[in-house]
Amino acid sequence: MAFRRRNKSYPFFSQEFLIQNHADIVLTLVIFILIALMFEATAKTAILFIQPQYNVTTLSPGTGEVTVYHYGWKDGATVLFYLCIVIILHAVVQEYLLDKVNRRLHLSKSKNTKFNESGQLCVFHLVSSVWSLYILLTEGYLLHPSSLWENYPHIHLRFQVKFFYLTQLAYWLHALPELYFQKVRKEEIPRQLQYIGLYLLHIAAAYLLNLSRVGLVLLFLQYLSELGFHIARLFYFTDENHQKMFDLWAVSFVFTRMATLTLMFLAVGFGLARSENQGLDWDSGNFNTVLIRMTVLLLVCLTQSWLLWKFIRFQLRRWREFRHEQALRKKTAAKQPLRPLKRDSRESWTRGGGADCLSPPNITIFRCLPSKCSRTTYKARFSSK
Numbered sequence: 127m128a129f130r131r132r133n134k135s136y137p138f139f140s141q142e143f144l145i146q147n148h149a150d151i152v153l154t155l156v157i158f159i160l161i162a163l164m165f166e167a168t169a170k171t172a173i174l175f176i177q178p179q180y181n182v183t184t185l186s187p188g189t190g191e192v193t194v195y196h197y198g199w200k201d202g203a204t205v206l207f208y209l210c211i212v213i214i215l216h217a218v219v220q221e222y223l224l225d226k227v228n229r230r231l232h233l234s235k236s237k238n239t240k241f242n243e244s245g246q247l248c249v250f251h252l253v254s255s256v257w258s259l260y261i262l263l264t265e266g267y268l269l270h271p272s273s274l275w276e277n278y279p280h281i282h283l284r285f286q287v288k289f290f291y292l293t294q295l296a297y298w299l300h301a302l303p304e305l306y307f308q309k310v311r312k313e314e315i316p317r318q319l320q321y322i323g324l325y326l327l328h329i330a331a332a333y334l335l336n337l338s339r340v341g342l343v344l345l346f347l348q349y350l351s352e353l354g355f356h357i358a359r360l361f362y363f364t365d366e367n368h369q370k371m372f373d374l375w376a377v378s379f380v381f382t383r384m385a386t387l388t389l390m391f392l393a394v395g396f397g398l399a400r401s402e403n404q405g406l407d408w409d410s411g412n413f414n415t416v417l418i419r420m421t422v423l424l425l426v427c428l429t430q431s432w433l434l435w436k437f438i439r440f441q442l443r444r445w446r447e448f449r450h451e452q453a454l455r456k457k458t459a460a461k462q463p464l465r466p467l468k469r470d471s472r473e474s475w476t477r478g479g480g481a482d483c484l485s486p487p488n489i490t491i492f493r494c495l496p497s498k499c500s501r502t503t504y505k506a507r508f509s510s511k
């Protein structure tokens, strides 16, 4: 299966060959791992990449035996496998969805790059927000907010929770080689590295510090806000008159920042601070100390403040550009000459009431300087005589 149209062939293992065929190469590696499941000698090794590890069977009062998971170093193999899966899905979305839309829109090169970026992130944020909302509803975290910090540490995770975090890490790790595969401009690389690093830092911190429940709510809010932004940008690229959706996104962005800070202070600042299980214990996964709580709160507060600062600067720049465009429109409107007025002979006849008042057909009367007006009138009278 070929993911990109090949206009010309390149030497094997050259830079252009790897960029053009990276999805096919990764697909081949995935197929080899799946084939390894069929043989007993390699099945145990292949299962490390496909299935989440560290499962434990516990007894639940209501449902009986329940299989839960915790984290360990073997999760790196699972993340690596699903990183390859995400690269393949990235190529599928690009080839069979975004490229077809780009051919119809005929965008410029810079807009085409931004359209592809927003299209990929729009699909990811939509899937992740729906998935995280489903987990929050099925686990009952939204109906019982106190469960976000009660019974900490939350070392035992359901399959869907652990798999969600592993795929999140896989997606944002896959974004790093995609900067090379997509030939991103050097000016755009620092900006993309910033938000990729922030996502990896926050997701890994929530996963390793056993703050998975709080992290689920924060990721849901963040992905929902980002989904609105990228949808607004996609509509803007199709038609530049669609700018009202950016105003809706601005409201949701500020609400997300406020909700994130409120939830963090409620769960970490007050909930975990009042918990009876205090102290640092690596074996039990307890990281409920004053230093760690303050570090987590400081990290989240700095991130949200930085995002708000960038948002305010963006809105001010956009407002200044809008005012500048309005001023230019007023100047150009004032400099433009008025259009000529044409009068028909029938209109002159009916208004004048006789042949003496009849003007020659198709005579143009200009609203301009007096000298030119008199000159035009003289020619008209001379021609009528």
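Numbering (the working numbering), first residue to last: 127 to 511. No residue lacks a Cβ here, since even glycine has one placed at the ideal position from N, Cα and C. Here the structure is a predicted model, which is why all the values come from computation and not from measurement.
- Under the criterion of beta carbons closer than 8 angstroms, L347 and T386 qualify as touching, at roughly 6 angstroms.
- The alpha-carbon separation between R439 and A453 amounts to approximately 21 angstroms.
- A residue is called buried when at least 16 other Cβ atoms come within 10 angstroms of its Cβ; K288 meets this threshold and is buried.
- Judged by DSSP in its simplified three-state form, E276 adopts coil rather than helix or strand.
- With a 10 Å radius around the Cβ and a threshold of 16 neighbouring Cβ atoms, P137 comes out exposed.
- Distance from the CA atom of G354 to the CA atom of M164, rounded to whole angstroms, is 44 angstroms.
- 8 angstroms or more divides the Cβ of L224 from the Cβ of K200.
- I315 and K170 have their C-alpha atoms some 39 angstroms from each other.
- Scanning its chain for C-beta atoms nearer than 6 angstroms, with the 5 sequence neighbours on each side dropped, one finds around G245 the residues L224, in chain order.
- In the three-state reduction of the DSSP assignment, F413 falls in the strand class, which pools E and B.
- Counting C-beta pairs with one atom in each stretch, the region 269-277 and the region 333-352 have three or more that are closer than 8 angstroms, which means they touch.
- With a beta-carbon spacing of about 16 angstroms, Y333 and Y267 fall beyond the 8 angstroms limit used to define contacts.
- Bounds of the alpha helix (DSSP H) holding V377 are 370-390.
- In this chain, the alpha helix (DSSP H) harbouring S236 covers 235-265.
- If you keep only unbroken beta strand (DSSP E) runs of at least 3 residues inside the region 391-465, you get 405-407, 412-414.
- Considering only K456, A358, Y325, the residue with the shortest C-alpha distance to Q430 is Y325.
- S255 sits buried, since 16 or more C-beta atoms from the chains shown fall within 10 Å of its C-beta.
- Residue state for N228 is assigned as helix, using DSSP reduced to three classes.
- Here V394 is near L423, since their CB atoms are less than 8 angstroms apart.
- The Cβ atoms of C210 and I357 lie no closer than 8 angstroms to each other.
- Using a Cβ distance threshold of 8 angstroms, W298 and I329 count as a contacting pair.
- Exclusion of the five residues before and after S258 leaves L342, L345, F346 as the residues of its chain whose Cβ lies within less than 6 angstroms of its Cβ.
- Going by C-alpha positions, F372 is about 45 angstroms away from G405.
- In the DSSP annotation of this structure, the continuous segment of the beta strand (DSSP E) that includes G190 starts and ends at 190-195.
- Judged by pairs of C-beta atoms under 8 angstroms, the region 362-371 does not touch the region 301-321, as fewer than three such pairs exist.
- At the C-beta level, L233 and F361 stay beyond 8 angstroms of one another.
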